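For the sequence shown, our numbering gives the first residue as 2, with consecutive numbering after it.
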Amino acid sequence: MPQADALALYQQKRNFAITPEPAEGGEPGKDAPRFVIQKHWATRLHYDLRLELDGTMKSWAVPKGPSFDPADKRMAVQVEDHPISYNTFEGEIPPDQYGAGRVIVWDKGYWMPVGDAAEGYRNGKLKFELHGHKLHGHWTLVRMHGRGNAKQPAWLLIKEHDAHERPAAEFNVVEALPDSVKALPDIAPSEPLAAARVARASPEKTSHDLLAAAEAPLPDKLAPQLATLVAAPPANTRDWLFELKFDGYRVLARIEEGDVRLFTRNGNDWTARMPALVEALKTLPVRSGWLDGEILVLDES
Ligand code: MN
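Below, the structure is given as structure tokens:
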């Protein structure tokens, strides 16, 4: 629950008889805390980043908006907590009212703190993962010393290095994706993601700890992992990776101490059929293991 006075400043600044903004309310995210970024054409255009924490939306005004380039450190001025119900607000704040101007929901989704969110927030270093329609991957908010003032501390919003980073020269997300996402579906964590979150919270128990794996001899045969036919694509497309389906020969390679053998998905030995591939696989820095792949030749198109 929010602290009793958490929204006091938000409410003092607004006249709810005039502005269409909500005075209070909103449901906390069911499976994960929500995030929203609102594009706000106030006196100056800015992007309001809001993270659900402790029953309200902690809020930062980011004049330039987010950037996927870790070299861009974007000023983020902390402003008053907003009610969770603000997440769906789009509209026109009337002239002469606080924040007068148009507001759209520029991105929305859920966020996952890395480490303890309350502690990170308190200490001025909040690390988190965003799962939105536009923003993804790891980000950090870090409070600057001696900048801003007690009521509006200055922070920096920084993209962390990961698979989602992109150089600013190649991709400017606020220019490339300027529009509202309000009509798009809400993004909820899939079960695997919720499980991953638990795994991260207790790293000594993660299931991908190779050092904890039991030793076993290299299997002589291995069945390839096959796709399962389903009626429709998954609802949470952001939680899935999609790959182009190539139509070639499914081949598994068994490598053991310099010996390479190729097998079809039915276990037929095709080593003699693809000698060039065998020679190439011999040069891999792999002592033993199985590789699973699709063998094909791409043409010009
Ligand atoms: Mn604003």
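We treat Cβ as the ideally placed atom computed from N, Cα and C, and that holds for glycine.
Owing to the predicted nature of the structure, the values given are computational and were not obtained by experimental measurement.
Cβ of residue i within 7 Å of any chain B Cβ
i	result
residue 174	Among the chains in the structure shown there is no chain B, since it carries only a single protein chain.
First and last residue of the uninterrupted alpha helix (DSSP H) at residue i
i	result
residue 174	174–177
residue 278	276–283
residue 185	No alpha helix (DSSP H) holds residue 185; DSSP gives it neither H nor E.
residue 10	9–13
residue 215	Looking at the DSSP string, residue 215 is not in any alpha helix (DSSP H), and its letter there is neither H nor E.
Outcome for residue i when other beta-carbon atoms lying within 10 angstroms are tallied against a minimum of 16
i	result
residue 258	exposed
residue 61	buried
residue 267	exposed
residue 241	exposed
residue 39	buried
residue 208	Its pLDDT being 48, under 50, residue 208 is placed unreliably by the model, and nothing is read from it.
residue 53	buried
residue 252	buried
residue 264	buried
residue 163	exposed
residue 118	buried
residue 174	buried
residue 88	buried
residue 127	buried
Whole-angstrom distance between residue j and residue i, CA atom to CA atom
i	j	result
residue 178	residue 289	46 Å
residue 296	residue 186	38 Å
residue 191	residue 237	7 Å
residue 204	residue 15	With a pLDDT of 44 at residue 204, under the threshold of 50, the modelled position of that residue is not reliable, and the figure given next carries that caveat. Residue 204 and residue 15: Cα-Cα distance of roughly 45 Å.
residue 214	residue 287	18 Å
residue 58	residue 83	5 Å
residue 17	residue 183	22 Å
residue 43	residue 146	27 Å
residue 102	residue 80	17 Å
residue 19	residue 244	50 Å
residue 41	residue 104	5 Å
residue 135	residue 235	18 Å
residue 351	residue 219	This structure cannot speak to residue 351, because the chain is shown only from 2 to 302.
residue 278	residue 228	25 Å
residue 12	residue 294	59 Å
residue 216	residue 122	43 Å
residue 6	residue 25	12 Å
residue 130	residue 114	6 Å
residue 166	residue 67	12 Å
residue 33	residue 188	10 Å
Member of the options whose CA lies at the smallest distance from the CA of residue i
i	options	result
residue 225	79, 269, 78, 240	269
residue 120	71, 244, 55	55
residue 284	163, 261, 66	261
residue 100	298, 22, 112	22
residue 298	248, 282, 271, 272	248
residue 158	8, 46, 72, 273	72
residue 137	65, 110, 85	110
Continuous beta strand (DSSP E) stretch holding residue i: start and end
i	result
residue 79	74–83
residue 232	Looking at the DSSP string, residue 232 is not in any beta strand (DSSP E), and its letter there is neither H nor E.
residue 290	289–296
residue 62	57–63
residue 119	That residue, residue 119, is in no beta strand (DSSP E); its alpha helix (DSSP H) goes 118–124.
residue 162	Segment: none, residue 162 is in no beta strand (DSSP E) and carries neither H nor E.
Closer than 6 Å: residue i CB and nearest ligand 2 heavy atom
i	result
residue 49	Looking at this structure, you won't find ligand 2 anywhere; what it does contain is ligand 1.
Are the region 163–182 and the region 142–154 in contact at 8 Å, needing three or more beta carbon pairs? no
Can we say the region 24–33 touches the region 92–107, given the rule of at least three CB pairs closer than 8 Å? no
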